[in-house]
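A.B. asks: Position in the sequence shown (first residue = 1) + 355 = this note's numbering. Ideal Cβ positions, reconstructed from N, Cα and C, are used throughout, including at glycine. Note that the structure is a prediction, hence the values are computed from the model and not measured. Okay, here's the structure, questions in a sec.
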Amino acid sequence: MQIVRNIADLRAAVAKLRISGDKVALVPTMGALHAGHIALVDAARGRGAQVVVSIFVNPTQFGPNEDLDAYPRREAADVALLEAAGAALLWAPDVAAMYPAGFATSISVGGVSERWDGAARPGHFAGVATVVTKLFQQVTPDIAFFGEKDYQQLAVIRRFVADLDMPIEIVGVPTQRDDDGLALSSRNAYLSPDERLVARALPRALGEAKAVIERGGDVAAALAAAVARLGEAGFSPIDYVALVDAATLEPVERLDGPARLIAAAKLGKTRLIDNLGVEAP
């Protein structure tokens with residue numbers, strides 16, 4: 356696997372990958388890779404594509420009191436995982452390469468970015484949209500793969516790709532989970548052993564709410580029960596637990612089409628997010 360750190364080398368390397376006639380797939384990451392990221396690489400390789408993985412801890416999507424400095428960075432281990440998974444190229448720029456002196460452009464996405472994590476983390480999705488747009492411009496992929504765990508992020512990316520007429524297929528890959536149901540996340544490394552046990556309450560609370568709603572139960576009552584379950588387990592604050600339209604992310608009071616249960620809550624110092632698809636009976 357080739358590793359490149361500047362734009363000129365990246366463009367030359369991607370041009371070589373295209374010589375074979377294969378499509379180029381991009382898997383954007385912030386590193387600290389786990390089985391969820393490798394599932395994205397596997398999905399891309401399953402499409403017969405040459406896989407480019409980016410590792411960049413993007414400062415513009417972190418708020419002033421968030422975990423930019425503490426975010427786990429372990430490039431050597433990440434490289435070993437990517438080589439074993441069959442990635443063709445690692446794009447690993449530094450901040451100066453991504454945001455050179457005088458950088459003054461931001462991509463803002465309305466609608467799907469405004470509620471939920473958009474409200475809880477002001478500026479977050481503008482940072483995401485800007486860096487992903489830059490990665491698309493740099494790598495020029497035919498396909499890009501993102502995990503469904505960050506469901507609102509996926510919706511934001513789909514929105515600006517459609518709005519800006521980008522010729523890129525966006526593929527969402529189902530959330531990868533540990534044996535106890537907790538969604539895999541680089542931030543799980545922040546959890547203490549005791550917190551890690553408590554964290555199981557998040558997918559369980561969502562699973563219980565999903566079962567009630569899909570049986571035709573009252574949506575508001577199911578959401579309130581999930582909030583109560585998380586509070587009892589020790590999550591605080593609970594930013595949101597909501598049932599939303601799967602495409603627009605607008606809240607829905609009655610299940611009459613594809614929907615998502617989404618949640619975000621803090622356990623100790625660690626903010627966890629999760630979501631489950633919900634289908635009308």
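How far does the beta strand (DSSP E) with residue 500 in it extend, from its first residue to its last?
C.D. replies: Run containing residue 500: 498–502, per the beta strand (DSSP E) assignment.
A.B. asks: Exposed or buried, residue 571, counting other C-beta atoms within 10 Å across all chains shown (16 or more means buried)?
C.D. replies: Exposed, since its Cβ has fewer than 16 Cβ neighbours within 10 Å.
A.B. asks: Is the segment 380–398 in contact with the segment 526–544, if contact means three or more CB pairs nearer than 8 Å?
C.D. replies: A contact exists between the segment 380–398 and the segment 526–544.
A.B. asks: So which of 605, 593 and 601 has the shortest CA-CA distance to residue 621?
C.D. replies: Minimum Cα distance to residue 621 is reached at 593.
A.B. asks: Less than 7 Å separating the beta-carbons of residue 625 and residue 545?
C.D. replies: Yes, these two residues count as a Cβ contact at 7 Å.
A.B. asks: Does the beta-carbon distance from residue 358 to residue 445 come in below 7 Å?
C.D. replies: Closer than 7 Å, so yes.
A.B. asks: Using a 10 Å radius around the Cβ and a threshold of 16 neighbouring Cβ atoms, would you call residue 514 buried or exposed?
C.D. replies: Result: buried.
A.B. asks: What's the call for residue 419, buried or exposed, on a 16-neighbour Cβ count within 10 Å?
C.D. replies: Residue 419 comes out exposed.
A.B. asks: For residue 368, which residues of its own chain have a beta-carbon under 7 Å away from its beta-carbon, when the five flanking residues on both sides are left out?
C.D. replies: Only 357, 359 and 444 meet the Cβ criterion.
A.B. asks: Please go through the segment 560–606 and give each complete beta strand (DSSP E) segment of 3 or more residues, from N-terminal end onward.
C.D. replies: You should have 593–600.
A.B. asks: On the three-pair Cβ rule with 8 Å, is the segment 571–582 touching the segment 426–437?
C.D. replies: Contact fails: fewer than three Cβ-Cβ distances are below 8 Å.
A.B. asks: So what's residue 383 in DSSP terms, helix, strand or just coil?
C.D. replies: Here residue 383 sits in strand by DSSP.
A.B. asks: Whole angstroms are fine: how far does the CA of residue 452 sit from the CA of residue 364?
C.D. replies: One C-alpha to the other measures close to 12 Å.
A.B. asks: Could you tell me the distance, in whole angstroms, from the CA atom of residue 468 to the CA atom of residue 477?
C.D. replies: Rounded to the nearest angstrom, the two C-alpha atoms are 10 Å apart.
A.B. asks: Using a 10 Å radius around the Cβ and a threshold of 16 neighbouring Cβ atoms, would you call residue 609 buried or exposed?
C.D. replies: With fewer than 16 other Cβ atoms within 10 Å, it is exposed.
A.B. asks: Taking DSSP's pairing of strands, which residues face residue 513 in a bridge?
C.D. replies: According to DSSP, which records beta bridges pairwise, residue 513 is partnered with nothing at all.
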